[in-house]
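Note that the UniProt record's numbering gives residue 84 to position 84 of the sequence shown, counting from 1, and the numbers run on in steps of one.
Virtual Cβ for every residue (Gly too), placed ideally from N, Cα, C.
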Amino acid sequence: MFDYIHHVAYVVSDMDDALRIFRDIFELELSDRRMIEGETSVEMAAFRCGPTIIEILRPINHPALTQFLEEHGPGLHHVGFAMKDLPRRVEELKEKGVFVNGPFVAGTGWRIAYFDFEKSDLDLLKSCYHGDHLAEAESREESKA
Numbered sequence: 001m002f003d004y005i006h007h008v009a010y011v012v013s014d015m016d017d018a019l020r021i022f023r024d025i026f027e028l029e030l031s032d033r034r035m036i037e038g039e040t041s042v043e044m045a046a047f048r049c050g051p052t053i054i055e056i057l058r059p060i061n062h063p064a065l066t067q068f069l070e071e072h073g074p075g076l077h078h079v080g081f082a083m084k085d086l087p088r089r090v091e092e093l094k095e096k097g098v099f100v101n102g103p104f105v106a107g108t109g110w111r112i113a114y115f116d117f118e119k120s121d122l123d124l125l126k127s128c129y130h131g132d133h134l135a136e137a138e139s140r141e142e143s144k145a
């Protein structure tokens, strides 16, 4: 069902420090950096690591990400799994009892759908991640500014 890891997202309070770590220490090239504004707002930066995007998010006006920082500190927030034909796969997951919200287009331009471990019978994954979502496999190139 999953084709690869589309992205991993870290939530940080200090974007400059996160950029320094991924660029200067891990030697990854910054592929995107921008403000994403809408109902909520975040500063976003992205690095490429093979086919996977490392997404760095700093909340500006985003209650859920701010709460995550307050409760957990900076760190891994979610993993985005890539799959082809996202709408069909979402329906297949729903038929298997997975609670899925979407698909829709995120502020990054990626077509995504969130799935919820709290509402689904995925105890193993529930203990590992804050949250996860799916991303249309072909939408990974849309992350470039």
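From what residue to what residue does the alpha helix (DSSP H) around L28 run? L28 -> no alpha helix (DSSP H), and no H or E assigned at all.
If you reduce the DSSP assignment to three classes, tell me which class A82 lands in. strand
Just how far apart, CA to CA, sit M15 and T108? 17 angstroms
H7 versus S31: straight-line alpha-carbon distance, rounded: 13 angstroms
The alpha helix (DSSP H) with F68 in it runs from where to where? P63 to H72
Report the rounded CA-to-CA distance for Y4 versus G50, giving the unit in angstroms. 11 angstroms
Opposing strand residues paired with S41 [DSSP bridges]: E37 and N61
If you follow the alpha helix (DSSP H) that R111 is in, where does it begin and where does it stop? Where R111 is concerned, there is no enclosing alpha helix (DSSP H), although the beta strand (DSSP E) it sits in stretches over R111 to D116.
With DSSP run on the structure shown, which of helix, strand or coil describes V90? The DSSP-derived three-state label of V90 is helix.
Can I60 and V12 be called in contact, C-beta distance under 8 angstroms? Cβ distance not < 8 angstroms, so I60 and V12 don't count as in contact.
Using a 10 Å radius around the Cβ and a threshold of 16 neighbouring Cβ atoms, would you call F68 buried or exposed? buried
Pull up the DSSP beta-bridge partners for R48, would you. I53
Is the beta carbon of I54 closer than 8 angstroms to that of F22? In this structure, I54 lies closer than 8 angstroms to F22 by Cβ.
Between the C-alpha atoms of E29 and T40, what's the straight-line distance to the nearest angstrom? Using only the alpha carbons, I get a separation of about 27 angstroms.
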